[in-house]
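Peer 1: Could you have a look at this structure, given as structure tokens, before my questions?
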Amino acid sequence: MAYTTEQVDELIRTLEKGAERQIATAHSAVKGVAAERDLLSSAESARDLLVKAVKGEKETLNSVFGAGDCEKIGRLRYLLDTVQLSDMHVKDQRWKHLREAVDTIEQVLKDLGTFKPWVPPTVQAPERLAYKGLRRRLSPGRRMNLKPEMDGGDGATFEVSPPLPAALELSAATGAITGRLQPGQLIDEATYVVTARNEAGETSVELVFSVKDTPPASLAYPNVRAEILAGEKVRWEPAIEGGLPTSWSVEPALPSGLVLDGTTGVIQGAVPGGVEVMVYKVAAANSGGQAEASVEFGVRAAAPRSPVYPCPEEGAVYALGGSLELVPEVTPGCTFSISPQLPAGLRIDEDTGVISGTPSEPTARTAYEVRARNAGGEARATISFEVRQMPPSSLAYPEMTERLYAGYAVSLAPEVEGAPSSWTVEPTLPAGLSLDAATGAISGAPSEVVASGTWTVTASNPAGETSCELKFSVDVAPPSTLSFPAVEQEMALLVPMTLTPSVQGQVEEYSVFPDLPAGLRLDPQTGVISGSPTEVAGEATYEVTAKNSSGSSTVALTFAVKRTPPKSLKYPLLSPQLMVGRAVEAMPDVSGSVQKFSVQPPLPAGLEIDEEDGTITGSPETEAAEAKYVVTASNEAGETSEEITFAVLLPPPSDLSYPLASSTYAVGGPVLIEPEIKTAHGCSYSVEPPLPEGIELDPKTGVVSGEPAATCDEATYNITARNSAGSSEAQLVFQVVETLDSDQVAGSINKDFAAKIEAVEDIAELLPEPSKTHQYGDWMIWMVHRAHLNDPSLVDFNFNNMHMPEPHIESRIAPKLMKAMETNTYIKTLSLVNSNLMKVQGMELATALQENKTLQILNLDSNNLDSLAVQKIASAIRENKGSKLEHLRLAQQKGQGGISFGRPTEEAIGLLMEKNESIIKLGFECNDAHWRNIIDRALLRNNDFARKKRRRSTLSPEEEVVPEEKALSRLVLQQPPSVSVSEVFNEDAHPNNVVFRSFVSNQKRLPTMSQLQNYARNSGTSLKYSTVAPLIKECRSRLLDAAVNKEVIVADIFEVDSAGDLRNWSENNGNWALDIWSPDGKRYAYKTNKEPAFLVSDAWAAWLQDGA
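Under my numbering, the sequence shown has 932 at position 932, and the numbering climbs by one with no breaks.
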């Protein structure tokens, strides 16, 4: 290519900048002249390139200058028209030559048929957008105020993708970025694209930055000593320069007793024992980096102090069997020993010096020496005590509560001073509880409910006894261990879900706080959380409570609702074989929210996919071999794809007919016979024997047309429509005759016969039909009178090529026929082709058509109607809401001489078609593009309506009702079957169906596998894992089959409940479909690709219980 699009764009920009400079400096003599010289120099270069383009290939010229609504040549033309050169250069040939080159390019584009006038933008597109002064790394807490720099862009608006970090805002009007980064907010480096846009264009700039802390520069601990004493309290604060640390660490670990504060970096504490000199590396870090410091020190041990025990100097007395613990005040880091050996049951801790235990033998008063040793030396202390048996005292059961629960085990250990040798209780403890006579422990599980009472427990030994009172009741146990095992941290937007609770104990009511996200609900009876989240929600905690009269159990569920990638895309109703011309409507099944559907490669011509709902619709236009098409459903979180495979086949033609054919045509008269055929795709037409001279068959459309050249006898012509898939035939039987003109027809009327016909008022008394050949005028009067009398046998009225006398000569034919059509209720076809119908009768026919509700076919071709008559006819049909007209022909009116009826008439026909939904064929020449488009679209619409109507006529009444699709969430069986349980679960049913029925009757919902296994185990029945799934599937099928034609309640994913009858159900590979009919006759198709929640009413539960 001798030149490129980029070169042309650069040349135009150079000219436009030169023009701007010329205009801006027009007031300056020196600068203005210099600017014009530069502009003319650029014009000369532009002229040379345009001349080169004209001499080159026209295809290249068209692709460069014809693209984008001829914008490039339009900009040059705009520049030439805008610039006003000074007197010095106004006659400069370079400017003239550039204008001539532009004229030539425009003419070439016009010759190619691609020229379009370009409308210049009112504003300049934004260019070279920039934000100066933006750093690549920003600090948390920093204030931002960045303003854009940009060329042009008047009225521009700004947007950014992805969104800026929290607290930063982009002004849509000015493009300024303002705000303060949040303290502590750290963001990895990312790219943000800012776009400035106005009606003339747009430009973008990438902003790349991160938000990080300033790293620490240096770290030191100036107050650390090389040696400290064991037990000495120290506090060493760090000296830090640079950014503030957010974390601190030390390696190796500091000696026991010293702690590094993870927030401040302070080292403090006291080391209990000696430690060798070591080097410890402390690191201070933040998101920007870290600094280190070495800390070197050792710990020297000090001699211990004498331990001090809480014993009186004169000695102590301790109870035999009583718990004892003597904790001394000691120097940390010592080891301890005692002499002589302690009484049986007591011991000294070598690390802490604590003396503890329960003395089991009495002893005399004895002095014991305790020694404390460390690396610095040793210290001693003496304690004295004796062990004596004493009566028990201070008896208590600290873990005893005022309420115990039936079925729940308890184990209560007593606390008592002294050593009891026996235990008793009065009165006897409730059934299931027992008192250990040796230890005093109360244990067991209460087996029945007991009102509040008092029980006295006594502990005794030879020295005495002590007692305590226990006050409690035994109640029904509150719910406990409530959980939702299947809950996840993220719920998918618009995806149906069901969460079933697990809980111990009886539950009277479930509740949740705060309210669940929109689209989810908690069943207060079953605790099941179900539905489809309809809005995105941040992570939050929801407390679900199960309660009864004794108490409650609560579990916290923490989750968020997020837009997740869609999944499980399918087209279950798409046939693998489509037919050319037959309507297709295939809706997708997909889990999750979808923002856009797309398909690759493109679907065959005539088919399209709705980007919003994914429905594939249309009618294939041509054959297509079997091929694979990948449909993708996507949202901002991701996408999923499904491969669909189908072929487009050519249907064989069928039901060929020529319903408007006449039995007689006139020599020299117009013939136009259009076929009707169900499928005519790819068809060619042939006829045997050949048609009479002057009449031809269009081999592509099947239209028979022309003007017969001579008379011929009646003959049969076989017309065949054929394509690669088959053929269809129709017969035309007609003759060609010389016709009488209107004066001859009027002259052939027998006045006496006509008078007798006019006198007849009852169709049964009508005179016999006169000869159509020899009594032409009488036959016309006889036919019109039949229409006047509303003859039930007269359905097809045909005066084709029969010239009716003009109304002022004979009023009993055309005028009377027009009047009769106003009240006639049997004529369905009125064919008056080339029948000498005058414009006055056209107006009269319009009056009749305003009332007629029977006529289906009206053919008025080749008559004498004018534009006003046609307008009246169109308006009359449009105003007749009961009109049944399907075919309307008004073409080739003789008075028009082949000229258009004019825009008012075309508008009247357009308004008729815009409103009318029954006319499927229209013979009318429309020249106005707007109204022709309205008419064409209306005909497509009406033919589609007619096709659907024909299809509905083959359906049963129920099949005819098109269901409204909804997403299924939950099904509640309301009305139980009228038959017994034994008839539904007969001898062929699964042997363990009793367990299934028992669960459903008690829980009022269908079980999961684990729920049914646990229920069976608690009921004393063992179910193998391999048998549970088949058992649930079979029993569920029997229940749903029994529920067909019974009342149910269905919930969609928005938790909207609807009542109706279940007419049918299906499940295939996890895809569920329910056919529901509401009481008002509406039909709904509930679908889901996940198993919905199944529940039953109290009546259903009772029905199942009767057979359990």
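Beta carbons are placed, not taken as given, at the ideal position from N, Cα and C, and that holds for glycine.
#1: Let me know the secondary structure DSSP gives Trp-118 once reduced to three states.
#2: Mind checking who Lys-751 pairs with in its DSSP beta bridge?
#3: Along the chain, where does the beta strand (DSSP E) containing Asp-713 start, and where does it finish?
#4: Would you identify the three-state DSSP class for Glu-314, choosing helix, strand or coil?
#5: Per DSSP, which residues does Tyr-685 bridge with? Please list them.
#6: Contact defined as beta carbons within less than 8 Å: I believe Tyr-368 pairs with Ser-337. What is the distance between those atoms, to the nearest angstrom?
#7: Who pairs with Leu-164 in a beta bridge, going by DSSP?
#8: Is the separation between the beta-carbon of Thr-545 and that of Thr-534 shorter than 8 Å?
#9: Tell me Glu-426's beta-bridge partners as DSSP assigns them.
#10: Gln-290 bridges to which residues according to DSSP?
#11: Nearest to Lys-596 by CA position, among Ser-634, Leu-186, Phe-484, is which residue?
#12: Using three-state DSSP, classify Leu-955 as helix, strand or coil.
#13: If you count every other CB in all the chains shown that lies within 10 Å of the CB of Gly-591, and 16 or more means buried, which is it?
#14: Could you give the distance in angstroms between the alpha-carbon of Leu-955 and the alpha-carbon of Asn-1064?
#15: Look up Leu-258 in the DSSP assignment and give the residues it is bridged to.
#16: Quick check: what's the CA-CA separation for Ser-619 versus Ser-684?
#17: Can you tell me the Cβ-Cβ gap for Pro-485 and Ser-552, rounded? I've got them flagged as a contact below 8 Å.
#18: Which of the three DSSP states, helix, strand or coil, is assigned to Gln-506?
#19: Which runs of the alpha helix (DSSP H), 4 residues or longer, sit entirely within the region 831 to 917?
#20: Do three or more CB pairs link the region 64 to 79 to the region 102 to 117 at distances below 8 Å?
#21: Please report whether the beta-carbon of Asp-1098 lies at a distance below 8 Å from any beta-carbon of chain C.
#22: Using alpha carbons as the reference points, say which of Pro-312, Pro-222, Asn-1089, Met-150 lies closest to Thr-203.
#23: Gly-298 by DSSP, collapsed to three states: which one?
#24: From the DSSP output, in three-state form, read off Ala-1102 for me.
#25: If you draw a straight line from the C-alpha of Gln-489 to the C-alpha of Phe-559, how long is it?
#26: Between Val-317 and Gln-389, what straight-line distance do the alpha-carbon atoms span, to the nearest angstrom?
#27: Residues in its own chain within less than 8 Å of Ala-605 by CB, not counting five upstream and five downstream?
#28: Suppose only complete runs of 3+ residues qualify. What are the beta strand (DSSP E) ranges in the region 655 to 705, listed by chain order?
#29: DSSP on Thr-534, reduced to helix/strand/coil?
#30: Mind checking His-808: buried by the 16 CB within 10 Å criterion, or exposed?
#31: Which word fits Thr-500, buried or exposed, when buried means at least 16 other C-beta atoms lie within 10 angstroms of its C-beta?
#32: If I follow the unbroken alpha helix (DSSP H) through Pro-815, where does it start and stop?
#33: May I have the straight-line CA-CA distance separating Gln-775 from Phe-945, to the nearest angstrom?
#34: Our contact map puts Pro-215 next to Gly-184 with C-beta atoms below 8 Å; I'd like the distance itself, whole angstroms only.
Peer 2: In this structure, then:
#1: Counting from 1 along the sequence shown, the entry for residue 118 is found at position 118. Of the three classes helix, strand and coil, the one that applies to Trp-118 here is coil, per DSSP.
#2: By one-based count along the sequence shown, residue 751 stands at place 751. According to DSSP, Lys-751 bridges with nothing at all.
#3: One-based indexing of the sequence shown puts residue 713 at position 713. Boundaries of the beta strand (DSSP E) around Asp-713: 712 to 723.
#4: Within the sequence shown, the letter at position 314 stands for residue 314. Coil.
#5: As a first step, residue 685 is located in the sequence shown; it is residue number 685 there, counting from the start. Residue pairing from DSSP places Tyr-685 in a beta bridge opposite Ala-721.
#6: In the sequence shown, the residue the question calls residue 368 occupies position 368. In the sequence shown, the residue the question calls residue 337 occupies position 337. Wrong, their Cβ atoms sit about 11 Å apart, outside the cutoff.
#7: Here residue 164 refers to the residue found at position 164 when the sequence shown is read from its first residue. Looking at the DSSP assignment, Leu-164 forms no beta bridge with any residue, so it has no partner.
#8: Numbered from 1 along the sequence shown, position 545 holds the residue referred to as residue 545. Numbered from 1 along the sequence shown, position 534 holds the residue referred to as residue 534. For Thr-545 and Thr-534, no; Cβs fall outside 8 Å.
#9: For the purposes of this step, residue 426 is identified with residue 426 of the sequence shown, where counting begins at 1. Residue pairing for Glu-426: DSSP places it in a beta bridge opposite Thr-456.
#10: Start at 1 with the first residue of the sequence shown, and residue 290 comes out as number 290. The partner list for Gln-290 (beta bridge, DSSP) reads Ala-285.
#11: Numbered from 1 along the sequence shown, position 596 holds the residue referred to as residue 596. The candidate whose alpha carbon is nearest that of Lys-596 is Ser-634.
#12: Translated into positions along the sequence shown, residue 955 becomes position 955. Interpretation of Leu-955 is limited by its pLDDT of 49, a score under 50 that renders its predicted location unreliable; the figure taken from the coordinates is listed afterwards. Secondary structure at Leu-955: coil, using DSSP grouped into helix, strand and coil.
#13: Your numbering for residue 591 matches position 591 in the sequence shown. Residue identity check: residue 591 is Ser in the sequence provided, not Gly. Result: buried.
#14: Residue 955 sits at position 955 when you count from the first residue of the sequence shown. Residue 1064 sits at position 1064 when you count from the first residue of the sequence shown. Summary for Leu-955: the model assigns pLDDT 49, below 50, so the residue's position carries little reliability; its value from the coordinates is reported in the next sentence. Their Cα atoms are separated by approximately 17 Å.
#15: Start at 1 with the first residue of the sequence shown, and residue 258 comes out as number 258. In the DSSP output, where bridge partners are listed per residue, Leu-258 has Gly-269.
#16: Residue 619 sits at position 619 when you count from the first residue of the sequence shown. Residue 684 sits at position 684 when you count from the first residue of the sequence shown. One C-alpha to the other measures close to 21 Å.
#17: Residue 485 sits at position 485 when you count from the first residue of the sequence shown. Residue 552 sits at position 552 when you count from the first residue of the sequence shown. With a Cβ gap of about 20 Å, Pro-485 and Ser-552 do not count as contacting.
#18: Position 506 of the sequence shown holds residue 506. Residue state, collapsed to three classes: coil.
#19: 839 to 849, 867 to 879, 903 to 915
#20: Yes, the region 64 to 79 is in contact with the region 102 to 117.
#21: Absent from the structure is chain C; it holds one protein chain and no more.
#22: Taking the first residue of the sequence shown as 1, we reach residue 203 at position 203. For the residues Pro-312, Pro-222, Asn-1089, Met-150, the minimum Cα distance to Thr-203 belongs to Met-150.
#23: Taking the sequence shown and counting its residues from 1, the one referred to as residue 298 is at position 298. Gly-298 falls in the strand class under three-state DSSP.
#24: Within the sequence shown, residue 1102 is the residue found at index 1102, counting from 1. Here Ala-1102 sits in helix by DSSP.
#25: The residue given as residue 489 occupies position 489 in the sequence shown. The residue given as residue 559 occupies position 559 in the sequence shown. Using only the alpha carbons, I get a separation of about 4 Å.
#26: Against the sequence shown, residue 317 aligns to sequence position 317. Against the sequence shown, residue 389 aligns to sequence position 389. Approximately 10 Å, taken between the alpha carbons.
#27: Your numbering for residue 605 matches position 605 in the sequence shown. If we look at Ala-605 and ignore the five residues flanking it on each side, its Cβ neighbours are Pro-620, Glu-621, Thr-622.
#28: Runs found: 664 to 666, 671 to 673, 684 to 688, 695 to 697.
#29: In the sequence shown, residue 534 corresponds to position 534, counting from 1. Coil, per DSSP.
#30: For this step, residue 808 is matched to residue 808 along the sequence shown. Exposed, since its Cβ has fewer than 16 Cβ neighbours within 10 Å.
#31: For the purposes of this step, residue 500 is taken as the residue at position 500 of the sequence shown. Per the 10 Å Cβ criterion, buried.
#32: Position 815 of the sequence shown, counted from the first residue, corresponds to residue 815. Pro-815 -> alpha helix (DSSP H) spans 814 to 820.
#33: Within the sequence shown, numbered from 1, the residue matching residue 775 stands at position 775. Within the sequence shown, numbered from 1, the residue matching residue 945 stands at position 945. In a straight line, the C-alpha of Gln-775 is about 45 Å away from that of Phe-945.
#34: Position 215 of the sequence shown, counting from 1, holds the residue named residue 215. Position 184 of the sequence shown, counting from 1, holds the residue named residue 184. Rounded, the Cβ-Cβ distance is 16 Å, inconsistent with contact.
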